[in-house]
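Note sheet for the following structure.
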Amino acid sequence: MSTEQQLAAVVSAANALTNVVTGKIGEIDKALTDARAKYDEQLSSLNSRLPRLAVTKNFHMEPDTTGKLIDGWYVHSEVTATKVRTITQQAQSAGRPDADVEFMRQVEADVREQFPGFDIRAAGYWRNQVNVWQMKWSENKSMTWLAFPTSIDTGRLSGTTPVPLNNCMTMGAFVRVNEGTIEGAWATGNTKGKWRWCSVLHMPDNFFANYMHVHPVRGSATGTVEVMLAGACTGVVTRPTEWGTLLGLG
32 MSTEQQLAAV VSAANALTNV VTGKIGEIDK ALTDARAKYD EQLSSLNSRL PRLAVTKNFH
92 MEPDTTGKLI DGWYVHSEVT ATKVRTITQQ AQSAGRPDAD VEFMRQVEAD VREQFPGFDI
152 RAAGYWRNQV NVWQMKWSEN KSMTWLAFPT SIDTGRLSGT TPVPLNNCMT MGAFVRVNEG
212 TIEGAWATGN TKGKWRWCSV LHMPDNFFAN YMHVHPVRGS ATGTVEVMLA GACTGVVTRP
272 TEWGTLLGLG
């Protein structure tokens, strides 16, 4: 066999080996992709099976007896909270005003920019009525927190206002920032001028008896925001369709 023939044979063998290796790499990549997809599916299934129980009070933000404050909430002294809308749990066919239906459709349209296909059931029946609050401030001179719901065990033996940080917990709300800036807690992921479903997942930390007040921080001297369905629950919530109501025990 001539040198040229030997070289041709080597090249042919190398090409054949390359094709085999490439094929095996493709098989490995596909196996890894399939395994990851199966893992993600199982994780999503597990997350949806974890209990979602309210760990803060008054998820639907009902006013107190005066009608001027959010029951079970603390609002910073520099912030004025005003209830701007109450939307009945009754369907449109049972009396929900058209203006409220259109309002919820606007919320839905904005949130669909985050979550395509989101359905807020603007004309349908809900478990509870929904209250929309405006929070406004014209100074920001002291501690910069905005407002927070108290822990579900506030007022009970061993209960207190902040929530413990030794469990898996989702904080969230529907928020529209009209002026100024806020960040953190149930306002995480807000966008100025648009309704957004804001949320953040907190995993258990390793600090003894640690806690937090579930409040965003004001980042501007003045501001106006609208908020509804704000609070925290146990477990993992990743879609706004699962944030319409929460069960609170006790």
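In short: position in the sequence shown from 1, add 31, done, that's the numbering used here.
Using N, Cα and C, we set each Cβ at its ideal position, and we do this for glycine too.
Item to complete: Use the C-beta contact count for ARG158: other C-beta atoms within 10 angstroms, 16 or more gives buried, fewer gives exposed.
Response: exposed
Worksheet item: Apart from the five residues on each side of it in sequence, which residues of its chain come closer than 7 angstroms, Cβ to Cβ, to SER193?
Response: Before going on, a small fix: residue 193 reads as Pro here, not Ser. Result list for PRO193: SER182, TYR242, MET243, HIS244, in chain order.
Item to complete: Have a look at ASP141 and GLU257 and give me their C-alpha separation to the nearest angstrom.
Response: 14 angstroms
Item to complete: Out of MET234, GLN165, SER189, point me to the one whose CA is closest to TRP226's CA.
Response: GLN165
Practice prompt. Would you mind giving the Cβ-Cβ distance between HIS246 and LEU177, rounded to the nearest angstrom? I have them listed as a contact below 8 angstroms.
Written response: 6 angstroms
Practice prompt. Please state whether DSSP places GLN137 in a helix, a strand or coil.
Written response: helix
Worksheet entry | Exposed unless 16 or more other CB atoms sit within 10 angstroms - verdict on LEU260 | buried
Fill in: Boundaries of the beta strand (DSSP E) in which ARG116 is found, first to last residue
110-118
Item to complete: Measure the Cβ-Cβ separation of ALA252 and ASN171 and say whether it is below 7 angstroms.
Response: yes
Discussion item. Taking the alpha-carbon of ALA263 as reference, which of ASP131, MET202, ILE59 has the nearest alpha-carbon?
Written reply: MET202
Discussion item. Please give me, in chain order, every unbroken run of the beta strand (DSSP E) with length at least 3 that falls completely inside the region 249-274.
Written reply: 254-265
Practice prompt. Give a yes or no on whether the C-beta atoms belonging to THR119 and GLN160 are separated by under 7 angstroms.
Written response: yes
Worksheet entry | Simplified DSSP state of GLN165, which is helix, strand or coil | strand
Item to complete: For the beta strand (DSSP E) containing TYR105, list its first residue and its last residue.
Response: 104-106
Worksheet item: Leaving out five residues before and five after GLY211 in sequence, what residues of the same chain have Cβ atoms less than 8 angstroms from its Cβ?
Response: TRP168, ARG249, GLY250, SER251, ALA252, THR253, GLY254, THR255, VAL256
Item to complete: Measure the C-alpha to C-alpha separation of ALA85 and GLU139 and round it to an integer number of angstroms.
Response: 23 angstroms
Worksheet item: Out of curiosity, what's the CA-to-CA distance linking GLY215 and GLN123?
Response: 34 angstroms
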